[in-house]
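Worksheet: one structure, shown below.
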Amino acid sequence: MIVFAVLAVLAFGIAAYYFLKGLWLLMKAVYYRWFAPERKLDEAFKKEVLAKEPEYKKFESDFDKRMDSILNKRTL
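In terms of this note's numbering, the sequence shown opens at residue 3 and continues consecutively.
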């Protein structure tokens, strides 16, 4: 009987976690849709979508290296 109670509490905790996580994402989406300025939308897209793509990570690191080599040329 105690095992079932522990499993029920654990299942409720997991369900509550995913419910709150989904609610948080929904609140962020509503904020970005109705209240955020255009700049915030661009930052959110970059953070939530682009930053998770491996191609974008490679592009960003290559771009940073190229720009650093152009801007910080070492001349003797």
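Just so it is clear, CB atoms sit at the ideal spot from N, CA and C, and this is done for glycine as well.
Pick helix, strand or coil for residue i, following the three-state DSSP scheme.
i: Met29; result: helix
i: Met3; result: coil
i: Lys48; result: helix
i: Lys23; result: helix
i: Lys75; result: coil
i: Glu55; result: coil
For a cutoff of 9 Å on Cβ pairs, would you count residue i as touching chain C?
i: Glu55; result: Given the protein chain composition of this structure (a single chain), no chain C is represented.
Expressed to the nearest angstrom, what Euclidean distance is found between the alpha-carbon atoms of residue i and residue j?
i: Lys54; j: Leu43; result: 16 Å
i: Leu73; j: Asp64; result: 14 Å
If you compare alpha carbons, which of the options is closest to residue i?
i: Val32; options: Ala46, Val5 and Met3; result: Ala46
Would the beta-carbon of residue i be found less than 8 Å away from any heavy atom of the ligand HEM?
i: Phe21; result: Ligands displayed in this structure: none; no statement on the ligand HEM is therefore possible.
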